[in-house]
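Undergrad: In our numbering, the protein residues as written are 54 to 654.
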Amino acid sequence: MHFGGIYEEEAVGKVYDRRLMGRFLAYIVPYRRMLVTALLVLPLIAASKLAQPWIIKVAIDEHIVKGRMEGLPTLAAAFLVVIFAESILMFAQVYLLQWVGQRVMYDIRVKLFSHIQRLSTRFFDQTPVGSLVSRLTSDIEVLGEMFAAGIVTVVGDILVLAGIVGIMLWMNVQLSLVTFSVLPVLIWVAFAFRKWMRLAFRQVRARQANLSAFLAESIGGMAVVQLFNREREEAEEFRRLNASYVEANLPVITWDAALYAVVESLSSVAVALIIWYGGGEIVKGTLSFGSLVAFIQYIEKFFSPIRDLSAKYSIMQGAMASLERIFALLDNNDREPASMPAPEATPATAQACQGSPGHALQSICFNDIWFAYKDRDYVLKEFSLQMKRGEKVALVGETGGGKTTVTRLLSRLYDVERGSITIDGTDIRELQLPALRKRIGVVLQDPYLFSGTIAYNISLGDPEALKRVEQAAAVVGADRFIRELPKGYDEEVRERGVNFSAGERQLISFARAVAFDPEILVLDEATASVDTASERLIQQGLEGLMQGRTTLVVAHRLSTIRDADRIVVIHRGEKAEEGTHAELMAAQGLYYRLYQLQFKD
Ligand code: ADP
Ligand code: MG
54 MHFGGIYEEE
64 AVGKVYDRRL
74 MGRFLAYIVP
84 YRRMLVTALL
94 VLPLIAASKL
104 AQPWIIKVAI
114 DEHIVKGRME
124 GLPTLAAAFL
134 VVIFAESILM
144 FAQVYLLQWV
154 GQRVMYDIRV
164 KLFSHIQRLS
174 TRFFDQTPVG
184 SLVSRLTSDI
194 EVLGEMFAAG
204 IVTVVGDILV
214 LAGIVGIMLW
224 MNVQLSLVTF
234 SVLPVLIWVA
244 FAFRKWMRLA
254 FRQVRARQAN
264 LSAFLAESIG
274 GMAVVQLFNR
284 EREEAEEFRR
294 LNASYVEANL
304 PVITWDAALY
314 AVVESLSSVA
324 VALIIWYGGG
334 EIVKGTLSFG
344 SLVAFIQYIE
354 KFFSPIRDLS
364 AKYSIMQGAM
374 ASLERIFALL
384 DNNDREPASM
394 PAPEATPATA
404 QACQGSPGHA
414 LQSICFNDIW
424 FAYKDRDYVL
434 KEFSLQMKRG
444 EKVALVGETG
454 GGKTTVTRLL
464 SRLYDVERGS
474 ITIDGTDIRE
484 LQLPALRKRI
494 GVVLQDPYLF
504 SGTIAYNISL
514 GDPEALKRVE
524 QAAAVVGADR
534 FIRELPKGYD
544 EEVRERGVNF
554 SAGERQLISF
564 ARAVAFDPEI
574 LVLDEATASV
584 DTASERLIQQ
594 GLEGLMQGRT
604 TLVVAHRLST
614 IRDADRIVVI
624 HRGEKAEEGT
634 HAELMAAQGL
644 YYRLYQLQFK
654 D
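1) With distance defined between alpha-carbon atoms, name the residue in A447, I507 and A566 nearest to T633.
2) State whether the stretch 448 to 457 contacts the stretch 618 to 625, with contact taken as three or more CB pairs (one from each stretch) at a distance under 8 angstroms.
3) Looking only at its chain, what residues have a beta carbon closer than 8 angstroms to the beta carbon of E483, apart from the 5 residues adjacent to it on each side?
4) Go through its chain and collect everything with a Cβ distance to R156's Cβ below 7 angstroms, but skip five positions before and after it.
5) Using 7 angstroms as the cut-off, classify the Cβ of Q498 as near or not near the heavy atoms of ligand 2, replying yes or no.
6) Quick one: is W308 buried, meaning 16 or more other Cβ sit within 10 Å of its Cβ, or exposed?
7) For A425, which three-state DSSP category applies?
8) Should I474 and C418 be called a contact, given that it needs their Cβ atoms to be closer than 8 angstroms?
9) Apart from the five residues on each side of it in sequence, which residues of its chain come closer than 8 angstroms, Cβ to Cβ, to A635?
10) Do you know how far the Cα of S187 is from the Cα of P181?
11) Can you check which of these residues, L611, V207, V242 and G332, is closest to I368 by C-alpha distance?
12) Would you say the beta carbon of D178 is closer than 7 angstroms to some non-hydrogen atom of ligand 1?
13) In chain order, what are the residues with a CB under 5 angstroms from some non-hydrogen atom of ligand 1?
14) In chain order, which beta strand (DSSP E) runs of at least 3 residues are fully inside the stretch 539 to 589?
15) Can you give, in chain order, each stretch of the alpha helix (DSSP H) that sits fully within the stretch 587 to 647 and has at least 4 residues?
16) Would you tell me roughly how many angstroms separate the C-alpha atoms of T460 and Q498, rounded to the nearest one?
17) Within this structure, are the beta carbons of K119 and V346 separated by less than 8 angstroms?
18) Under a Cβ-count criterion, where at least 16 other Cβ atoms within 10 Å of its own Cβ denotes burial, should I335 be classed as buried or exposed?
19) Is V607 near ligand 2, with its Cβ less than 7 angstroms from a heavy atom?
20) Let me know the secondary structure DSSP gives I204 once reduced to three states.
21) Using 10 angstroms around the beta-carbon of V82, count the other beta-carbons present and answer buried if the total reaches 16, otherwise exposed.
22) Could you give the DSSP three-state label for S409: helix, strand or coil?
23) So, using beta-carbon positions, are R360 and V316 closer together than 8 angstroms?
24) What's the C-alpha gap between N294 and F200?
25) Kindly indicate which residue of F503, E444 and A425 has the alpha-carbon position closest to the one of D468.
26) At a cut of 8 angstroms, does the stretch 214 to 221 reach the stretch 158 to 165 through at least three beta carbon pairs?
27) Buried or exposed for E540, going by 16 or more other Cβ atoms inside 10 Å?
28) Out of curiosity, what's the CA-to-CA distance linking K102 and L189?
29) Run through DSSP, which three-state label would G494 get?
30) Compute the distance between the beta-carbons of A555 and I511, then report whether it is under 8 angstroms.
31) Round the Cβ separation of F176 and D387 to the nearest angstrom and send it over; I've been treating them as touching at under 8 angstroms.
32) How is Q179 classed by DSSP in three states: helix, strand or coil?
33) Looking at the strands, I want to know which residues DSSP matches up with S504.
34) Less than 8 angstroms separating the beta-carbons of L149 and T90?
35) With distances taken from CA atoms, which of E300, E545 and Q350 is nearest S321?
36) Among residues of its own chain, excluding the 5 on either side of Y80, which ones have a beta-carbon nearer than 7 angstroms to its beta-carbon?
Here it is in structure tokens:
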């Protein structure tokens, strides 16, 4: 239905990109000792692989054919020792590589997460959560595969291949040349395969992305799907995406299976050539029986790493694409605003905000601010507001007027474009972000609860706040319902608080604001999602919350702000009216009309 499919077109990158690999190496450097150890093991493994057919050849030529029993037990033992040594070395190598891989993945995850935490609200406005989650999970997992699949051991494979070619040539040049006559075909197949595989993979990744994006959306919105009876249509759409994913996989499977078959056949052709040509050589007396057996063994060892090549190839390709995306995110410098020297305030506003001598400082001061989320259309235009310490100011107005935006600017989720906001005479851009946010407690329109206990949700794990949990709950009147819960403050909150009512969630978020004991309080439509029955409860909670704090409250229900010290009406980003409830009612302007609308019954 809604699926046009604007999902990340998965870039199918190169198999090896020097720039990306160079950056990736920096993460491996701390573990270089382990990696070097793993690499040192490689020639030993290669040597033991090469030694095995040779021992068999010696046993046949020097002992079995000549009828000499002595020495055979020694060779058999040597064979065992070599095989055993190879197993031990393989274990060490796999363990070391994976050990390094796990640590590198751990480090990159930590770095990515802390980077994401410092990105700006604007960045999160534009980036789907799902794509960030997949950077931290599946993309990093793909990097791990590079270690698990033993990409590094390709070096070892090359050693083995070169060693086999060398030994075979040394044993018998002509037989080697005859055997290797299959190589051009093998090389051609490998190259052609690479190209086809690349195209097929691009399709698979793109369709896989569609599939997971659809699932995330459809499962996330399951209630809507069910309430509007859209299950059949959603299932139909899913079936379509699922089928197209399977369809994209078929060529990959075909090429994979074909490569296996071709490599298998070619190795059989090589063995047949050895039997045919080598057999003749034995009859002529120019090749030993043991050499023939060793040739066959070597050829098998020659073809097996080539068979694994396709798997390693696609893993490398995936890893490069993941690295590209991970580094792109790390390079994103859309940071949260830093503290900086503020532009000079105009004398007039400076005076309005500093207060005249002998008068108390204004606590919060918005001076002629302009702000836009995107280019052009301003959401706030020349907005000014002064608040004294301890004052309670209400923002009201139509939906979309810019009320929430004002609160976001105060806590610097965004920065003003023109004008300035000061707290106690200091431009908020000059304050350190954590210091600013410690002074402001925000209750969001849609309270966000985490999974964890109620106590955790109130304190968010802050040790100081934790001490004040029960006291804070009592101040806002949340303690009544919490104490009735089977486990009280230790009751678990499930995903986003689904096991609590909207009113209860709101009370928990009030308690959270109190527990952090801010001097300034911002409430954004805190009662909007609550039924009138709970409203009285919430209203009492609010009284406790606002006690002794400078409060900026955005209200939808005008009944909740009648006794505010001042009411400001925002209309299309501009301040339209300002005054007490009585003054605004008497003026019979916008506020009066809004009030009439709500209370006409
Ligand atoms: P209010 O809280 O008064 O209902 P807001 O401050 O939330 O209004 O929104 C003011 C305007 O800014 C609206 O037109 C809204 O569409 C727009 N807006 C709000 N948030 C964003 C955002 N994150 N990105 C782009 N535009 C936004
Ligand atoms: Mg709003």
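The beta carbon of each residue, even a glycine, is placed where N, CA and C say it ideally should be. Source: prediction; values computed, not measured.
TA: So, from the listed chains and residues:
1) Looking at the Cα atoms, A447 is the closest of the given residues.
2) Yes: at least three Cβ pairs fall under 8 angstroms.
3) Within the same chain, and ignoring the five residues on either side of E483 in sequence, the residues whose Cβ sits closer than 8 angstroms to its Cβ are S392, M393, P394 and A395.
4) When the five nearest sequence neighbours on each side are left out, the beta carbons in the same chain lying within less than 7 angstroms of the beta carbon of R156 are those of Y84, in order along the chain.
5) Within the chosen limit of 7 angstroms, ligand 2 reaches the beta carbon of Q498 through at least one heavy atom.
6) It is buried - the Cβ of W308 has at least 16 other Cβ atoms within 10 Å.
7) A425: coil per DSSP, three-state reduction.
8) Yes, Cβ-Cβ distance for I474 and C418 is below 8 angstroms.
9) Same-chain partners within the cutoff: there are none.
10) C-alpha separation (whole angstroms): 10 angstroms.
11) The option with the nearest alpha carbon to I368 is V207.
12) Within the cutoff, so yes.
13) Having a Cβ closer than 5 angstroms to some heavy atom of ligand 1 are D178, Y426, V432, T452, G453, G454, G455, K456, T457 and T458.
14) The stretch 539 to 589 contains these whole beta strand (DSSP E) runs: 573 to 577.
15) Counting only runs of 4+ residues, the alpha helix (DSSP H) found wholly inside the stretch 587 to 647 occupies 634 to 640, in chain order.
16) Rounded to the nearest whole angstrom, the CA to CA distance from T460 to Q498 is 11 angstroms.
17) Taking 8 angstroms as the Cβ cut-off, K119 and V346 do not qualify as a contacting pair.
18) Taking all protein chains in view, the Cβ of I335 is surrounded by fewer than 16 other Cβ atoms within 10 Å, so the residue is classified as exposed.
19) Yes, Cβ of V607 sits closer than 7 angstroms to a heavy atom of ligand 2.
20) In this structure, DSSP gives I204 a state outside helix and strand, which the three-state scheme calls coil.
21) The residue in question, V82, is exposed, as its Cβ has fewer than 16 Cβ neighbours within 10 Å.
22) Unreliable placement is indicated for S409, whose pLDDT of 49 sits below 50; the coordinate value is still reported in the next sentence. Looking at S409 - three-state DSSP - the assignment turns out to be coil, as it is neither helix nor strand.
23) Annotated as proximal: R360 and V316, with beta-carbon spacing under 8 angstroms.
24) Correcting the residue type first, residue 294 is Leu in the shown sequence and not Asn. In a straight line, the C-alpha of L294 is about 32 angstroms away from that of F200.
25) Out of F503, E444 and A425, A425 has the C-alpha closest to the C-alpha of D468.
26) The stretch 214 to 221 is not in contact with the stretch 158 to 165.
27) With the sequence shown as reference, residue 540 is identified as Lys, and Glu is not the correct amino acid for it. By the neighbour-count rule (16 or more Cβ atoms within 10 Å), K540 is not buried but exposed.
28) Distance between the alpha carbons of K102 and L189 is about 39 angstroms.
29) Of the three classes helix, strand and coil, the one that applies to G494 here is strand, per DSSP.
30) In this structure, I511 does not lie closer than 8 angstroms to A555 by Cβ.
31) Between D387 and F176 the Cβ distance is about 4 angstroms, and since that is below 8 angstroms, they are a contact.
32) In the structure shown, Q179 sits in a helix (DSSP, three-state: H, G or I).
33) DSSP, once it has assigned bridges, lists no residue as partnering S504.
34) A distance below 8 angstroms separates the beta carbons of L149 and T90.
35) Residue Q350 is the option with its Cα nearest to S321.
36) Same-chain partners within the cutoff: V157, D160 and I161.
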